[in-house]
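Heads up: the structure comes next, in structure tokens.
There are 2 protein chains.
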Amino acid sequence: MTTETGRRVRRPGRGTGSLLEVAVGEFITRGYDATSMEDLSRAAGITKSSFYHHFSGKEALLRAALERALDRLFAILDEDGARTGSPLARLRHIVREQVEVLVDELPYVTLLLRVRGNTESERWALERRRAFDAQIATLVGEAVDAGEVRAGVEPTLAARLLSGLVNSVVEWVRPGRSSSSLPEDVTRVAFEGILPAAAP
Amino acid sequence: MTTETGRRVRRPGRGTGSLLEVAVGEFITRGYDATSMEDLSRAAGITKSSFYHHFSGKEALLRAALERALDRLFAILDEDGARTGSPLARLRHIVREQVEVLVDELPYVTLLLRVRGNTESERWALERRRAFDAQIATLVGEAVDAGEVRAGVEPTLAARLLSGLVNSVVEWVRPGRSSSSLPEDVTRVAFEGILPAAAP
DNA sequence: GTCTATAAATCGATAGAC
DNA sequence: GTCTATCGATTTATAGAC
Chain A
-17 MTTETGRRVR
-7 RPGRGTGSLL
3 EVAVGEFITR
13 GYDATSMEDL
23 SRAAGITKSS
33 FYHHFSGKEA
43 LLRAALERAL
53 DRLFAILDED
63 GARTGSPLAR
73 LRHIVREQVE
83 VLVDELPYVT
93 LLLRVRGNTE
103 SERWALERRR
113 AFDAQIATLV
123 GEAVDAGEVR
133 AGVEPTLAAR
143 LLSGLVNSVV
153 EWVRPGRSSS
163 SLPEDVTRVA
173 FEGILPAAAP
Chain H
-17 MTTETGRRVR
-7 RPGRGTGSLL
3 EVAVGEFITR
13 GYDATSMEDL
23 SRAAGITKSS
33 FYHHFSGKEA
43 LLRAALERAL
53 DRLFAILDED
63 GARTGSPLAR
73 LRHIVREQVE
83 VLVDELPYVT
93 LLLRVRGNTE
103 SERWALERRR
113 AFDAQIATLV
123 GEAVDAGEVR
133 AGVEPTLAAR
143 LLSGLVNSVV
153 EWVRPGRSSS
163 SLPEDVTRVA
173 FEGILPAAAP
């Protein structure tokens, strides 16, 4: 892509980092499979061959993006708030931080949540994601066993719906346009009910 | 695809209906963009050309599948339980029936929920889906105005998280393997909280 | 309604010059 | 680090015989 004066147009800085950023953007809007290397290089303002000089191919780009999202998510589990306190308190911390990461790394996490496991990189990412969800499910079970929550439904179902609710944020949140109270709001809804009956 | 005796293998009956069923299955497992007409015809046990005799192309198949899912969802809004009673009661009815449809039409609804609006058919489906969600959001607002629920968060956020929670069922439910109480369980979790604090 | 054969375009990826 | 040129495979879709 060139301007009318013939100068090249590349959006961010240089380096492989900005190429990854551009690629993830294309993957999100066109879908990974529907995005060609031609699309990527056009969006980056270089030729296809130049793009191959920085990344070995499409899947390497996907893998790098998924790794970034997963690393951010797993980092939450290492924080103090996720390791100390009651199971319920740790759960609330993790949920709040998870929303924070969703907003902060929106395109990367969005890509991760769309992965279905059709390539080697996707299966790798899917396994790590399931390990993350499994840790949350364990914590839900501990909160129930500790008598911290009313035992309404199966802990397994609760954990799945909790993840589903939290992850659905990527479907409508807009980068840079999210309220600073969103993580706390989502956490409150998740634990106190979306529409709790009014006290009589 | 042939058996060792040379007979053709086609899974269900004949007709365009079974071809659509086969195609949707392939779309789900491979992803729509990654599925070729060759893949579809191989899965159906006929040649590519024969497939084109029944459907004008890939997008016609997608459109037919999305229409089926949307018709089932909108039919819920016409039921008595969705039109009479308090806003909260109507909401609960819709959510329960929505889970029922998700399980009943799992592959079709799964496809619908993956649509991102990159083709004309996808944009059409996305608009109808948003209209469905908008009706639910309106109902949530009415329930809040009527004082039926504790006004905890913005009704808009509540409606989005409600849809997110409900739709996430397609991520893990397995056809024919879902508990008959699932719709009621999901509804209870959605309205009373995923992990409501235990009464002191 | 099914088939073989093929057109026309695009795909991911590479060779090799500068 | 960027480019032009191209390879071989695959893609959607059609022509036309049976």
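Residue numbers (the working numbering), protein chains in the order written: chain A, -17 to 182; chain H, -17 to 182. Cβ atoms here follow ideal geometry from the backbone N, Cα and C, with glycine treated the same way.
**Report entry** Rounded straight-line distance, which links the Cα of A/Val152 to that of A/Val91
**Finding:** Approximately 8 Å, taken between the alpha carbons.
Query raised in the report: A/Pro178 versus chain H: which residues are under 9 Å apart at the beta carbon?
Result: Residues of chain H with a Cβ closer than 9 Å to the Cβ of A/Pro178 are, in chain order, Val131, Arg132, Gly134, Phe173, Glu174, Gly175 and Pro178.
Query raised in the report: Taking Cβ positions only, does A/Asp167 come closer than 7 Å to chain H?
Result: Chain H, which has a Cβ nearer than 7 Å to the Cβ of A/Asp167, makes this yes.
Query raised in the report: For the 8 Å Cβ check, are there 3 or more pairs between the segment 34 to 45 of chain A and the segment 0 to 14 of chain A?
Result: Short answer: they touch.
**Report entry** Sequence-distant residues of its chain with Cβ nearer than 8 Å to A/Glu174 (five each side left out)
**Finding:** Spatial neighbours of A/Glu174 in its own chain (CB-CB distance under 8 Å, excluding positions within 5 residues in sequence) are not present.
Report task. With 8 Å as the C-beta to C-beta threshold (strictly closer), list the residues of the segment 149 to 162 of chain A near chain H in chain order. Result -> Correct list: Asn149, Ser150, Val151, Glu153 and Trp154.
Report task. With DSSP collapsed to three states, give me the class of H/Ala16. Result -> Note: H/Ala16 maps to coil in three-state DSSP.
Report task. Determine the closest residue to A/Ala128 out of H/Arg12, H/Asp167 and H/Ala179, with distance taken between C-alpha atoms. Result -> Residue H/Ala179 is the option with its Cα nearest to A/Ala128.
Query raised in the report: Which residues does DSSP pair with H/Val131 in a beta bridge?
Result: BP columns for H/Val131 point to A/Ala179.
Report task. Between the Cα of A/Glu136 and those of A/Leu147, A/Arg96 and A/Gly123, spot the shortest distance and give me the residue it belongs to. Result -> With distances taken between CA atoms, A/Glu136 lies nearest to A/Gly123 out of A/Leu147, A/Arg96 and A/Gly123.
Requested in this report: State the start and end residues of the unbroken alpha helix (DSSP H) segment that holds H/Phe150.
Outcome: The question names Phe, but residue 150 of chain H is Ser in the sequence shown. For H/Ser150, no alpha helix (DSSP H) segment is defined, and its DSSP state is neither H nor E.
Query - Anticipated Cβ contact below 8 Å, A/Arg78 with A/Glu166, distance rounded - result: The beta-carbon separation of A/Arg78 and A/Glu166, rounded to 6 Å, stays under the 8 Å limit for a contact.
Report task. Can you tell me which of the three DSSP states A/Glu82 falls into? Result -> Helix at A/Glu82.
**Report entry** Residues of the segment 82 to 103 of chain H whose Cβ lies closer than 9 Å to any Cβ of chain A, in chain order
**Finding:** Result list: Arg96, Arg98 and Asn100.
Requested in this report: Could you tell me how far apart the beta carbons of H/Val171 and A/Gly146 are, in whole angstroms, since I believe they sit closer than 8 Å?
Outcome: About 10 Å; that fails the 8 Å criterion.
Query raised in the report: Considering A/Glu61, what are the terminal residues of the alpha helix (DSSP H) in which it resides?
Result: Here A/Glu61 belongs to no alpha helix (DSSP H), and DSSP marks it neither H nor E.
Report task. Rank A/Val81, A/Glu8, A/Ser161 and A/Ala119 by C-alpha distance to the C-alpha of A/Ala47 and give the top, closest one. Result -> Of the listed residues, the one whose Cα sits closest to A/Ala47 is A/Glu8.
Requested in this report: Measure from the C-beta of A/Leu144 to each C-beta in chain H and report whether the shortest distance is under 7 Å.
Outcome: Taking Cβ atoms only, chain H reaches closer than 7 Å to A/Leu144, which makes this a yes.
Report task. Drop a sphere of 10 angstroms on the beta-carbon of A/Thr120, count the other beta-carbons inside from all chains shown, and report buried for 16 or more, exposed for fewer. Result -> Around the beta-carbon of A/Thr120, fewer than 16 other beta-carbon atoms lie within 10 Å, marking it exposed.
Query raised in the report: Between H/Ile10 and A/Val155, what straight-line distance do the alpha-carbon atoms span, to the nearest angstrom?
Result: Roughly 25 Å between the two C-alpha positions.
Query - Three-state secondary structure (DSSP) of A/Thr(-16) - result: Because A/Thr(-16) sits at a pLDDT of 37, beneath the cut-off of 50, its placement in the model cannot be relied upon, and the point is left open.
Query raised in the report: Can a CB atom of chain A be found closer than 7 Å to the CB of H/Ala128?
Result: Not closer than 7 Å to any Cβ of chain A, the Cβ of H/Ala128 fails to qualify, so no.
Requested in this report: Taking only beta carbons into account, state which residues of the segment -4 to 8 of chain H come closer than 7 Å to chain A, listed in chain order.
Outcome: Look at the segment -4 to 8 of chain H: it has no residue with a C-beta under 7 Å from a C-beta of chain A.
Query raised in the report: Hey, would you say A/Ala51 sits closer than 7 Å to A/Leu94, going by beta carbons?
Result: Yes.
Query - Proximity to H/Gly158 [Cα-Cα], best of H/Ser32, H/Met19, H/Arg24 and H/Leu84 - result: Measuring from the Cα of H/Gly158, the nearest candidate turns out to be H/Leu84.
Report task. Please go through the same chain and pick out, in chain order, the residues whose beta-carbon is closer than 6 Å to the beta-carbon of H/Ile28, but skip the five residues on each side of it. Result -> Nothing listed; no residue qualifies.
Report task. Mark A/Leu177 as exposed unless 16 or more other C-beta atoms lie within 10 angstroms of its C-beta, in which case mark it buried. Result -> When all chains shown are included, A/Leu177 counts as buried.
Query raised in the report: From H/Val168 to H/Arg74, what does the alpha carbon distance come to, in whole angstroms?
Result: Distance between the alpha carbons of H/Val168 and H/Arg74: 10 Å.
Query raised in the report: For H/Tyr14, does the count of other Cβ atoms within 10 angstroms reach 16, so buried, or fall short, so exposed?
Result: So H/Tyr14 counts as buried.
**Report entry** A/Arg65 classed as buried or exposed, judged by whether at least 16 other C-beta atoms fall within 10 angstroms
**Finding:** A/Arg65 comes out exposed.
Query raised in the report: Quick one: what does DSSP say H/Pro157 is sitting in, helix, strand or coil?
Result: In this structure, H/Pro157 counts as coil in the three-state DSSP scheme.
**Report entry** Alpha carbon of A/Leu143 to alpha carbon of A/Val81, nearest angstrom
**Finding:** Those two C-alpha atoms are separated by around 15 Å.
Query raised in the report: For A/Arg105, does the count of other Cβ atoms within 10 angstroms reach 16, so buried, or fall short, so exposed?
Result: Here A/Arg105 is exposed, its C-beta having fewer than 16 other C-beta atoms within 10 Å.
**Report entry** A/Phe37: first and last residue of the uninterrupted alpha helix (DSSP H) it sits in
**Finding:** Counting along the chain, A/Phe37 falls outside any alpha helix (DSSP H), and DSSP gives it neither H nor E.
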